[in-house]
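> Respectively, the protein sequence lines represent chains D and F. Under this note's numbering, the first sequence has 112 at position 36, and the numbering climbs by one with no breaks. Under this note's numbering, the second sequence has 132 at position 131, and the numbering climbs by one with no breaks. The beta-carbon is built from N, C-alpha and C at its ideal position, and this holds for glycine as well.
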Amino acid sequence: MSKDNSRQEEEEPPEPALGPMGFGILFGTTALYAIYVGVPIAFGGPASMRFLTGPSAFIPIAVYLLVAIVLAVQPRTSRWGAGLLIGLGIFTLLGGGVCVGTLAAQMGT
Amino acid sequence: MIGLPFAGDGLVHAGLLGLGILAALLFYAFEKRRRGLSDPRLWPIAGFAIAFGAIGSRVLTWDFSRQVSLADWWGNGDRSILAGLVGAWLGVHLGKRLTGYREPTGDLLAPAVALALVIGRVGCLLTELPGTPTGGAWGITLTPGQAAMLGGLPGVGLHPSFAYEIVFHVAAFALMWRYRDRLPGPGDLFICYVTSYALFRFGVEFVRANEVLWLGMSRPQWFLLMILPLLLWRMLRVFGKPLRPKLEGRVA
Numbered sequence: 077m078s079k080d081n082s083r084q085e086e087e088e089p090p091e092p093a094l095g096p097m098g099f100g101i102l103f104g105t106t107a108l109y110a111i112y113v114g115v116p117i118a119f120g121g122p123a124s125m126r127f128l129t130g131p132s133a134f135i136p137i138a139v140y141l142l143v144a145i146v147l148a149v150q151p152r153t154s155r156w157g158a159g160l161l162i163g164l165g166i167f168t169l170l171g172g173g174v175c176v177g178t179l180a181a182q183m184g185t
Numbered sequence: 002m003i004g005l006p007f008a009g010d011g012l013v014h015a016g017l018l019g020l021g022i023l024a025a026l027l028f029y030a031f032e033k034r035r036r037g038l039s040d041p042r043l044w045p046i047a048g049f050a051i052a053f054g055a056i057g058s059r060v061l062t063w064d065f066s067r068q069v070s071l072a073d074w075w076g077n078g079d080r081s082i083l084a085g086l087v088g089a090w091l092g093v094h095l096g097k098r099l100t101g102y103r104e105p106t107g108d109l110l111a112p113a114v115a116l117a118l119v120i121g122r123v124g125c126l127l128t129e130l131p132g133t134p135t136g137g138a139w140g141i142t143l144t145p146g147q148a149a150m151l152g153g154l155p156g157v158g159l160h161p162s163f164a165y166e167i168v169f170h171v172a173a174f175a176l177m178w179r180y181r182d183r184l185p186g187p188g189d190l191f192i193c194y195v196t197s198y199a200l201f202r203f204g205v206e207f208v209r210a211n212e213v214l215w216l217g218m219s220r221p222q223w224f225l226l227m228i229l230p231l232l233l234w235r236m237l238r239v240f241g242k243p244l245r246p247k248l249e250g251r252v253a
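#1: Specify whether the region 120-128 of chain D and the region 93-110 of chain D touch according to this definition: at least 3 beta carbon pairs, one from each stretch, less than 8 Å apart.
#2: Which of helix, strand or coil does DSSP assign to Ser219 of chain F?
#3: Rounded to whole angstroms, how far is the Cβ of Ile75 of chain F from the Cβ of Val176 of chain D, which I believe are closer than 8 Å?
#4: Consider the Cβ of Phe28 of chain F: report whether some Cβ of chain D lies at a distance smaller than 8 Å.
#5: Can you confirm whether the region 88-96 of chain F touches the region 160-175 of chain F when touching is taken to mean that 3 or more C-beta pairs between the two stretches lie within less than 8 Å?
#6: Here's the rule I'm using: 16 or more other beta-carbon atoms within 10 Å means buried, otherwise exposed. How should Phe28 of chain F be labelled?
#7: Give me, in chain order, the residues of the same chain whose beta-carbon lies closer than 7 Å to that of Gly172 of chain D; leave out the 5 immediate sequence neighbours on both sides.
#8: With DSSP as the reference, label Thr142 of chain F as helix, strand or coil.
#9: Under 8 Å, Cβ to Cβ, is there at least one residue of chain D near Ile22 of chain F?
#10: Leaving out the 5 sequence neighbours to the left and right, which residues in its chain are closer than 8 Å to Pro161 of chain F when beta-carbon positions are compared?
#11: Give a yes or no on whether 8 Å exceeds the smallest Cβ distance from Ala111 of chain F to chain D.
#12: Would you please verify whether the beta carbon of Asn77 of chain F is less than 8 Å from any beta carbon of chain D?
#13: Among all the DSSP beta bridges, which residues are the ones paired with Pro134 of chain F?
#14: So the alpha helix (DSSP H) Tyr194 of chain F belongs to, where does it begin and stop?
#15: Residues of chain D with CB under 7 Å from Ala210 of chain F, in chain order?
#16: Let me check one thing: in DSSP terms, what residues is Gly186 of chain F bridge-paired to?
#17: Below 8 Å on the Cβ atoms is my contact criterion, and I expect Leu159 of chain F with Pro134 of chain F to pass it. Report the Cβ-Cβ distance as a whole number of Å.
#18: With three or more beta-carbon pairs closer than 8 Å as the criterion, would you say the region 11-22 of chain F touches the region 137-154 of chain D?
#19: Going by DSSP, what residue range makes up the alpha helix (DSSP H) through Leu5 of chain F?
#20: Decide yes or no for the touch test of the region 158-167 of chain D against the region 40-60 of chain F: beta carbon pairs closer than 8 Å, at least 3 of them.
#21: Give the secondary structure of Ser82 of chain D by DSSP, where H, G and I count as helix, E and B as strand, and everything else as coil.
#22: What is the rounded straight-line gap between the Cα of Asp80 of chain D and the Cα of Pro41 of chain F?
#23: Any idea if Phe65 of chain F is buried or exposed, counting beta-carbon neighbours within 10 angstroms, 16 or more meaning buried?
#24: How about Ile120 of chain F and Ala30 of chain F: are their beta carbons less than 8 Å apart?
#25: Taking only beta-carbon atoms, is Gly19 of chain F less than 8 Å away from chain D?
#26: Below 8 Å on the Cβ atoms is my guess for Asp254 of chain F versus Phe191 of chain F; work out the distance and round it to an integer in Å.
#27: Determine the direct distance from the alpha carbon of Trp178 of chain F to that of Arg122 of chain F, and round the result to whole angstroms.
#28: Using a Cβ-Cβ cut-off of less than 7 Å, list which residues of the region 59-78 of chain F approach chain D; keep chain order.
#29: Taking C-beta pairs closer than 7 Å, name the residues in chain D that Arg42 of chain F reaches, listed in chain order.
#30: Distance cutoff 8 Å, beta carbons only. Does Thr106 of chain D sit that close to anything in chain F?
#31: What are the residues of the region 95-109 of chain F that lie near chain D, defined by any Cβ-Cβ distance shorter than 8 Å?
#32: Cβ of Pro105 of chain F versus every heavy atom of the ligand MN: is any distance shorter than 7 Å?
#33: So, does the region 229-241 of chain F touch the region 209-220 of chain F, judging by three or more C-beta pairs under 8 Å?
#34: Under 7 Å between beta-carbons, which chain D residues line up against Gly11 of chain F? List them in chain order, please.
#35: Would you list, in sequence order, the uninterrupted beta strand (DSSP E) runs of no fewer than 3 residues that lie entirely inside the region 59-110 of chain F?
#36: For chain D, find out if any of its Cβ atoms is closer than 8 Å to the Cβ of Ala25 of chain F; answer yes or no.
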């Protein structure tokens, strides 16, 4: 192994702690559950809501996905973005997907 | 005969699925460290896999012929592990393209996926319709109430198809652990895992009690029939080369 390579390995920055990614997961899942579970509860159920129903139910999740991707591909914010993407996966798999579907199935009044 | 303790219990299913994702992430972190991979783009790639896997498991099963809107399908349509794996694969490719990461990542992801499926399938085993009737004493028996809820036969031993799948993924995980550094090229571990799962899943579908689509085969079987030739061709390429004596280089 050349001297340059060994120096490069020595200079490699240590992997940052789970912090930003863990926070991204926590923030992302909480935000999504708040939007898709908390808001309908606060408004007395999906049937009594004029927004976030029908196709517009997908708008927050689409915006969230876009923001998460943009953050994930930027080197400075990649761990945040990774956390948000994992949070979206957890939300979708653990019941959140049903909430989005229920709202999307409501015809906006 | 064995009963189904948590039939239709979404909380139990979701809890075990969540544990599966957590175990996969922890294993991914461990394996990344063991391989000496510190590239910061590897975590976003894992994020892409999970997010697009979750979305894919709902969207990629969308059946236009049933004339159901995507919104309805998202909420009440079929969900599938196979569709989730395809979604995760697409997500990884998108993530790698957007981040500019060029190295193969399949070998890093494959054991983590197997681990997630071991735990996640326990959730399926405890809550979902097990399979078709079996004459064996190992069958799972549903009560009339459970049978009505899940669409199965009451009082008859049913194949514990999810238990079969758990055994498969445990064996696959053990084999991947054993040979993780010995296959000829980067990405070969992933190819072997996906191909063997596709073959296994094709067989287990015969006792799975999924809706038969055509010629006695279910929708997943027809999907697998389409991709299996490609996977088998890739697998033959893997075994056309000698095994490595030890890990060479720092590749995922």
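The short version:
#1: With a cut-off of 8 Å, the region 93-110 of chain D and the region 120-128 of chain D do not count as touching, because too few Cβ pairs lie within range.
#2: strand
#3: It should be pointed out that residue 75 of chain F corresponds to Trp in this sequence rather than to Ile. So it is a contact: roughly 6 Å between Cβ atoms.
#4: no
#5: The region 160-175 of chain F, when compared against the region 88-96 of chain F, does not touch it at the 8 Å Cβ threshold.
#6: buried
#7: Beyond the five residues adjoining it in sequence on each side, Gly172 of chain D comes within less than 7 Å, by CB distance, of Leu108, Tyr109 and Tyr112 in the same chain, given in chain order.
#8: strand
#9: Yes, because at least one Cβ of chain D sits closer than 8 Å to the Cβ of Ile22 of chain F.
#10: Ile3, Leu126, Pro131, Gly132, Trp139, Gly140 and Ile141
#11: no
#12: Residue contact with chain D for Asn77 of chain F: present (Cβ-Cβ distance below 8 Å to some residue of chain D).
#13: F:Leu159
#14: Run containing Tyr194 of chain F: Asp189 to Val205, per the alpha helix (DSSP H) assignment.
#15: Simply none; closest approach about 22 Å.
#16: DSSP lists no partner for Gly186 of chain F.
#17: 6 Å
#18: no
#19: Per DSSP, Leu5 of chain F lies in no alpha helix (DSSP H) segment and is marked neither H nor E.
#20: These segments touch.
#21: Only weak support is given to the placement of Ser82 of chain D: the predicted model assigns it a pLDDT of 49, under 50, and the question is left unresolved by the model.
#22: Because the pLDDT of Asp80 of chain D is 46, which lies under 50, any placement of that residue in the model is unreliable, and the number read from its coordinates should be weighed accordingly. C-alpha separation (whole angstroms): 21 Å.
#23: exposed
#24: No, these two residues do not count as a Cβ contact at 8 Å.
#25: yes
#26: What the structure shows of chain F is the stretch from 2 to 253, and residue 254 of chain F is not part of that stretch, so it cannot be assessed.
#27: Using only the alpha carbons, I get a separation of about 20 Å.
#28: Arg59, Ala72, Asp73, Trp75, Gly76 and Asn77
#29: Ser154
#30: no
#31: Gly96, Leu99 and Thr100
#32: The model on display carries no ligand, and the ligand MN is accordingly not part of it.
#33: Segments in contact, no.
#34: Gly171
#35: none
#36: no
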